[in-house]
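I have placed the structure first, in the form of structure tokens, so that the comments after it can refer back to it.
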Amino acid sequence: MKKTVFLGTAAAATLLSGMVMAQEGSTLAQVKERDELNCGVNTGLVGFAAPDANGNWTGFDVAFCRALAAAVLGDANKVRFVPTTGQTRFTALSSGEVDVLARNSTWTYSRDTDLALDFVGVNYYDGQGFMVNRELGVTSAKELDGATICIQTGTTTELNLADYFRANNMNYTPVNIDSNAEGEQQYMAGACDAYTTDASGLAATRAAFADPENHIILPEIISKEPLGPAVRHGDSNWGDIARWTLNALIAAEEYGITSRNIEELVRSSTNPEVQRLLGATDDLGAMMGLDAEWARRAILAGGNYGEIFAANIGEQTPIGLARGLNAQWTQGGLLYAPPFR
Amino acid sequence: MMTDVSASADPPFRLSMLVNDRRYRSLTFQVIVFILVMAGLWWLIDNTVRNLALMGKSFNFGFLFQRAGYDIPQTPIPYTSDDTHLRAAAVGLLNTLIVSILGCIAATVLGVIVGVARLSRNWLFARLMTIFVEIFRNMPLLLWILIIYAIFTEILPPPNAYRGENPAASMILFDHVALTNRYTSIPTLAMTHDPGSLDLGARVTFNWATIAFVVALVGGWFLRRVLLSHAQSVQDRTGERPLTWWRSLAVMVLPSLFLIWYFGLHLKAPTLQGFNFTGGLNVSNGLVALWLALTLYTAAFIAEIVRAGILAVSRGQSEAAFALGLRPNRTMSLVILPQALRVIIPPLISQYLNLTKNSSLAIAVGYMDLRGTLGGTTLNQTGRELEAIVLMMLTYLVLSLIISAAMNVFNARVKLKER
Numbered sequence: 001m002k003k004t005v006f007l008g009t010a011a012a013a014t015l016l017s018g019m020v021m022a023q024e025g026s027t028l029a030q031v032k033e034r035d036e037l038n039c040g041v042n043t044g045l046v047g048f049a050a051p052d053a054n055g056n057w058t059g060f061d062v063a064f065c066r067a068l069a070a071a072v073l074g075d076a077n078k079v080r081f082v083p084t085t086g087q088t089r090f091t092a093l094s095s096g097e098v099d100v101l102a103r104n105s106t107w108t109y110s111r112d113t114d115l116a117l118d119f120v121g122v123n124y125y126d127g128q129g130f131m132v133n134r135e136l137g138v139t140s141a142k143e144l145d146g147a148t149i150c151i152q153t154g155t156t157t158e159l160n161l162a163d164y165f166r167a168n169n170m171n172y173t174p175v176n177i178d179s180n181a182e183g184e185q186q187y188m189a190g191a192c193d194a195y196t197t198d199a200s201g202l203a204a205t206r207a208a209f210a211d212p213e214n215h216i217i218l219p220e221i222i223s224k225e226p227l228g229p230a231v232r233h234g235d236s237n238w239g240d241i242a243r244w245t246l247n248a249l250i251a252a253e254e255y256g257i258t259s260r261n262i263e264e265l266v267r268s269s270t271n272p273e274v275q276r277l278l279g280a281t282d283d284l285g286a287m288m289g290l291d292a293e294w295a296r297r298a299i300l301a302g303g304n305y306g307e308i309f310a311a312n313i314g315e316q317t318p319i320g321l322a323r324g325l326n327a328q329w330t331q332g333g334l335l336y337a338p339p340f341r
Numbered sequence: 342m343m344t345d346v347s348a349s350a351d352p353p354f355r356l357s358m359l360v361n362d363r364r365y366r367s368l369t370f371q372v373i374v375f376i377l378v379m380a381g382l383w384w385l386i387d388n389t390v391r392n393l394a395l396m397g398k399s400f401n402f403g404f405l406f407q408r409a410g411y412d413i414p415q416t417p418i419p420y421t422s423d424d425t426h427l428r429a430a431a432v433g434l435l436n437t438l439i440v441s442i443l444g445c446i447a448a449t450v451l452g453v454i455v456g457v458a459r460l461s462r463n464w465l466f467a468r469l470m471t472i473f474v475e476i477f478r479n480m481p482l483l484l485w486i487l488i489i490y491a492i493f494t495e496i497l498p499p500p501n502a503y504r505g506e507n508p509a510a511s512m513i514l515f516d517h518v519a520l521t522n523r524y525t526s527i528p529t530l531a532m533t534h535d536p537g538s539l540d541l542g543a544r545v546t547f548n549w550a551t552i553a554f555v556v557a558l559v560g561g562w563f564l565r566r567v568l569l570s571h572a573q574s575v576q577d578r579t580g581e582r583p584l585t586w587w588r589s590l591a592v593m594v595l596p597s598l599f600l601i602w603y604f605g606l607h608l609k610a611p612t613l614q615g616f617n618f619t620g621g622l623n624v625s626n627g628l629v630a631l632w633l634a635l636t637l638y639t640a641a642f643i644a645e646i647v648r649a650g651i652l653a654v655s656r657g658q659s660e661a662a663f664a665l666g667l668r669p670n671r672t673m674s675l676v677i678l679p680q681a682l683r684v685i686i687p688p689l690i691s692q693y694l695n696l697t698k699n700s701s702l703a704i705a706v707g708y709m710d711l712r713g714t715l716g717g718t719t720l721n722q723t724g725r726e727l728e729a730i731v732l733m734m735l736t737y738l739v740l741s742l743i744i745s746a747a748m749n750v751f752n753a754r755v756k757l758k759e760r
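Printed below as a string of structure tokens:
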């Protein structure tokens, strides 16, 4: 008897050590089984991702998550928002804590390759800028020699800042902060002369100030910051779903499909591309494991790209961003969705 | 009559004896536990390797030799964004050491004072110290760091306030020190005859003047010991102790005074230029807040250790010393303290280790220590979480072991020698 117990223990130990954590299945299957989309967002950047007074997440990045949840799960509210800092976001994605990361993250070469992420497109073309207090009398970033600058650690802006000051032979003292809220506090207390992050982030931060008119965003944009949602490397199907959900939102604006006229267009549109996109003809959804009406639900969730932009960060909102580079290609911007066929 | 005694005394070995026989049982269980631990460890490592492979990541430290690309506010050794991640980590480690050493010294001094004061016969004084101890050791350290940092940021004036004909703020200590909401700007030492620097390679340099001062101080200290042992031998021989204080003072102070005159050492006050004070040494508020918080927090624990150590020496000891006619301070240094240190030092080691490890909370106030560089920006920019964390764990482990070893040596020297 004793012998078998020991042999059994030894065998169990060997077996145990031979086992590896069950290999992850496809993200789509996981999300469907969970019936909830885990979406990594900013810890709080008004206009992009921030909880409102009732605890409901709203914003430009949040709207993408909702559209994706609507496309996959059929309900724009089946999203769990996971707030991530600049430091934790990519770990959260690669460890599987979130299914998709929509947290104004810059698409760069090393993140795409070395960090093993897949950026599925660009939802906002941005660039890094500086904000200073009007009292400082600074009108150009070139005048910031010797300044103390607040910067969020773990971001591409940290590297751009170092490069920019080096290239212009200027000195600065960085104040490394962890989140936008902390940066806001340091900047308002005068602990730094300038605050630097993506220009959209500056506008969003300034909009939350009590006295936005006393702060100016300097004209220099020192980098390209194509911001976009990202998924894990290795699950191409899930990447496709995220990519084409974003493209569907962009294409919808191009073809004039809005959340208001969509039901009517499904019935009456004669444009073959619109019919394909909305699933009236051809079953495009089946090609990536969804039903025919996925794009219809995605667009209904928060409207097309233009509607989302206008509702969250557009000129009618306190953040007041112009479309600029983020206009459709037909309007002189960079947004260009590949054809749906 | 012949009987085979060996057979009955040593029965043939059976497997069940591994459990039932006391001679083998402990060995059996040790082997089993060892196998289980090894298997568990192997499972963890294997799991990690496979999952890394699944994510398309490898485990290597090549990233340490890539260009870091980011700047660090406080650099004890020269560092630019063109340097490698390895050098950034070294800068972070030095920053960790700076705040840890400063913290250990200040916490010990404050802790001893508070610990002794808590035993004071002055009721009010002793109660005030009790309040100090209870407040600081019963609130999370992170809160203290943030509170102190916030106080600095919100209350002190920005450098701008020092500008103009009628500035809103003025420098203190004869216009030598400026307190701002970013840093405390203190004067640096400047020399009229700079002897140049010793190059240690890797752009680490030591000024010859610094080396000269260290040599002068250490040499002075040794000379003083020689003087004292000479005085002791004279006393032993003749019963007369020669006056030593002025000679001690001379060997300790005169060489340094000479060096100050020789190098033309003087203070150079910071001045406001552009956005910030330059010319002085700008000690960031992050460092000061972290240092203060670590000091106050750890001092509260050290105070209790010191109090316990003193109380552990029975009253009879001091009464006996008084009866022999020893003055109170001699009683303290010759009778109480040597016995109290035996109790104090081992837990003190733990406090030093705690302080060093707690310094990794620096990230909360933007002080770029090892956690901020290697475990923060480097980790983020390269995406090498596992490597960076492993490296950081090893570094803190080695650091702690060194502190522990050094303190154990010290402990062995001061503990009571029982013969």
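Those protein sequences? They're chains A and B, same order as listed.
Numbering of the first sequence is given in our numbering, commencing with residue 1 and proceeding in unit increments.
Numbering of the second sequence is given in our numbering, commencing with residue 342 and proceeding in unit increments.
Glycine is no exception: its CB is placed at the ideal position from the N, C-alpha and C atoms.
Neighbourhood of residue i by C-beta distance below 6 Å, restricted to the same chain and skipping five residues each side
i	result
B/T612	G620
B/F402	E728
Span separating the alpha-carbon of residue i from that of residue j
i	j	result
B/I686	B/V676	16 Å
B/L482	B/V518	28 Å
A/D283	B/A729	47 Å
A/F6	B/F400	Confidence at A/F6 is low in this model, with a pLDDT of 48, below 50, so the placement of that residue should be treated as unreliable; the coordinate-derived value is given next. Their Cα atoms are separated by approximately 36 Å.
A/C65	A/C39	6 Å
A/N160	A/S223	7 Å
A/W107	A/E97	20 Å
B/L584	B/Q573	11 Å
B/V432	B/D424	11 Å
A/A204	A/G239	29 Å
B/L356	A/V231	56 Å
A/L335	B/I439	51 Å
A/K32	B/V390	28 Å
B/I496	B/N522	7 Å
A/M131	A/A207	12 Å
A/Q23	A/N237	Reliability of the predicted coordinates at A/Q23 is poor, the pLDDT of 39 falling under 50, and no value is obtained from them.
Same chain only: Cβ atoms within 8 Å of residue i, ignoring 5 sequence neighbours per side
i	result
B/V474	V455, R459, A641, A644 and E645
B/F477	W485, L637, Y638, A640 and A641
B/D540	T546
B/M733	L711, R712, L715 and G716
A/Q331	R323
A/E220	G129, F130, S140, A141 and K142
Close-in-space but distant-in-sequence residues of the same chain around residue i (CB under 7 Å, 5 per side omitted)
i	result
B/S441	L696, T697 and S700
A/A337	N247, I250, A251 and E254
B/T471	R459
A/N168	K142
B/A630	I486, I489, Y490, F493 and V706
Residue i versus the options, residue with shortest Cα-Cα distance
i	options	result
A/V175	B/L689, B/Y503 and B/Y490	B/Y490
A/E213	A/R166, A/S179, A/N123 and A/E135	A/E135
B/P427	B/Q415, B/P414 and B/G410	Note that residue 427 of chain B is Leu in the sequence shown here, rather than Pro. Closest option to B/L427, Cα to Cα, is B/G410.
A/F340	A/N271, A/R323, A/E315 and A/Q328	A/N271
A/A194	A/G154, A/S140 and A/A210	A/S140
A/A298	A/D114, A/I313 and A/L278	A/L278
A/D163	B/N623, B/P528, B/S422 and B/G580	B/S422
A/E225	A/E184, A/T84, A/R232 and A/Y124	A/Y124
B/I651	B/Q680, B/A630, B/A664 and B/A661	B/Q680
B/I492	A/A189, A/A199 and A/W238	A/A189
B/N548	B/V629, B/E660 and B/G537	B/G537
B/A306	B/A550, B/A662, B/F515 and B/N522	In the structure displayed, chain B extends from 342 to 760; residue 306 of chain B sits before or after that span and is not available.
A/T281	A/L290, A/R267 and A/G289	A/R267
Residue(s) in a DSSP beta bridge with residue i
i	result
A/E225	A/D126
A/W57	A/P51
B/F547	B/L539
A/I313	None, per the DSSP bridge assignment.
A/P83	A/V41
A/N133	A/H215
Nearest-angstrom beta carbon gap, residue j and residue i [assumed within contact, 8 Å]
i	j	result
B/G776	B/M593	Outside the displayed span of chain B (342 to 760) sits residue 776 of chain B, for which this structure offers no information.
B/I413	B/A429	7 Å
B/V647	B/G452	6 Å
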